[in-house]
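Quick note, the sequence shown lines up with residues -24 to -1, 1 to 291 if you use mature numbering (1 follows the signal peptide of the UniProt record, and there is no 0).
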Amino acid sequence: MKFTSTLKAVGTAALIAFGAPVAAQDWEPNGPVTIEIGFGAGGSTDTMGRVLAEVMKEQTGWNVIVENRPGGGGVAMFTSLSQRPVDNQTIGMGVGIPVLVQLVQRGDELPFDIDSFDYLGTIAKAELALVASADAPFDTLEEMIAYAEEQGDMPLATMAPPQVLMMNATTKASGVDFNLVTADGGAEVIRLILGGQVLAGFASGEHFPYLESGDMKVIASANQSRLSYAPETQTFIESGVDAYVDAVFFLAMKAGTDPSATAAIAAAIDEAVQSPEIAEIVRNAVQGDPINMGPDGARLMMVDGLENAERLFAN
């Protein structure tokens, strides 16, 4: 498989496809605009959120501040946001998949659902690949399943629970079991593959140098769409497994926010996402380009994502 560079055009195409917000209206905040981040300081979400705040501040002249509200993969922050009165100036920033997983697992216990928020847009999507050593005896997901069926007990590395659910869905669709090995992050997945302890595993960017050197290859995209850097490689969905894992970084406000406020803030986010500062931090964080799905696209991402999460847990 030929490894191709990530193209800025991917992000641009997404903006066009989902419809980016129009220019900001005449609305102005009465005080600080606060971006509440659902994770602790220092992680990818926090880093991107802080750069976003700085760029928005420079471009709009607003006082944009950041507060961290970690807990439950963003659930603590969105719980707090949903229970407070609308103030037209507080934004929540989180990642779709952990929130969706919690809504499926214990939705009756949470004080919010998808309709509890007005969506503003997205900043990035982490691309997740199923990868293998270049000399692995398979090149596609279908070939890997056939190999695992023939050989039995094929070891495969995962680094997060949603990936285990993906492989459970693969087993349900194919009838073939895998020997799942838990790795402590993407770097360990790569070590396990190159060391021969597993034949395949999931990675979200750690494999790039090994694709370029020819030591590894991509077997399938675990995202809903094909990978920007390997567009010829099929998704799990295209290979017969009706499931995906999309880690999308999104922003939302409490439902009922003044439409003029959401329009102005969504437009400010869209302008910021197109900046070189955001491009740099997103590449560092998720090894890809910024992508803003816009308000409608962000909401659709959550609606589709909830249905997908329900399918994952059904497996």
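Cβ coordinates follow ideal geometry from the N, Cα and C atoms, glycine included. Computed from a predicted structure; not experimentally measured.
Quick one: what's residue i bridged to in DSSP?
i, result
"Asp94", "Met229"
"Val9", "Val40"
"Leu76", "DSSP output for Leu76 lists no bridge partner at all."
"Phe178", "Leu106"
"Lys101", "Val224"
"Ile67", "Ile11"
Less than 8 angstroms between the CB atoms is what I'm expecting for residue i and residue j, so what's the real figure, rounded?
i, j, result
"Ala163", "Ala105", "At roughly 15 angstroms, the Cβ-Cβ gap does not stay under 8 angstroms, so Ala163 and Ala105 are not in contact."
"residue 293", "Ile254", "Not covered by the structure: residue 293. The range shown for the chain is -24 to 291."
"Glu103", "Gly273", "17 angstroms between Cβ atoms; not a contact."
"Thr66", "Met229", "7 angstroms"
"Gly281", "Asp222", "6 angstroms"
Run through DSSP, which three-state label would residue i get?
i, result
"Met135", "coil"
"Val221", "coil"
"Gly(-14)", "Unreliable placement is indicated for Gly(-14), whose pLDDT of 43 sits below 50; the coordinate value is still reported in the next sentence. Gly(-14) falls in the helix class under three-state DSSP."
"Ser197", "strand"
"residue 320", "Here the chain has residues from -24 to 291 only, and residue 320 is not among them."
"Ile213", "coil"
"Leu86", "coil"
"Ile267", "coil"
"Phe114", "coil"
"Val152", "coil"
"Val62", "coil"
If you compare alpha carbons, which of the options is closest to residue i?
i, options, result
"residue 292", "Gly50, Val40, Phe93 and Trp38", "Because the chain in this structure spans residues -24 to 291, residue 292 falls outside the shown range and cannot be described."
"Gly7", "Asp111, Val217, Ala237 and Gly270", "Ala237"
"Lys193", "Phe289, Val75 and Phe184", "Phe184"
"Asp2", "Ala243, Glu283 and Glu214", "Ala243"
"Gly49", "Pro271, Ser180, Asp272 and Val77", "Val77"
"Asp218", "Gln200, Asp234, Gly270 and Phe226", "Gln200"
"Glu286", "Ile67, Met69 and Gln81", "Gln81"
"Asn291", "Met269, Thr211, Asp153 and Gly128", "Asp153"
"Gln35", "Tyr220, Glu118 and Glu247", "Glu247"
"Gly70", "Gly19, Asn64, Glu30 and Asp84", "Gly19"
Give me, in chain order, the residues of the same chain whose beta-carbon lies closer than 7 angstroms to that of residue i; leave out the 5 immediate sequence neighbours on both sides.
i, result
"Phe88", "Phe54, Thr55 and Ser58"
"Pro113", "Tyr123"
"Met120", "Phe114, Ala176 and Ile195"
Apart from the five residues on each side of it in sequence, which residues of its chain come closer than 8 angstroms, Cβ to Cβ, to residue i?
i, result
"Gly16", "Asp22, Asn44 and Pro46"
"Ala(-16)", "For Ala(-16), the predicted structure reports a pLDDT of 41, less than 50, and the residue's modelled location is therefore unreliable. A value from the coordinates is still provided. So no residue of the chain qualifies."
"Pro266", "Gly(-14), Ile99, Ala100, Val249, Gln250, Ile254, Ala255 and Val258"
"Ile245", "Pro(-4), Leu28, Met32, Leu96, Gly97, Ile99, Leu227 and Asn268"
"Val51", "Gly14, Pro74, Val75, Gln78 and Leu86"
Going by beta carbon distance, what residues of the same chain come within less than 6 angstroms of residue i, once the five residues before and after it are set aside?
i, result
"Lys33", "Val40"
"Ala133", "Val157, Ala159, Val165, Leu168, Val174 and Gly177"
"residue 292", "An answer regarding residue 292 cannot be provided, because it is not within the stretch -24 to 291 covered by the chain."
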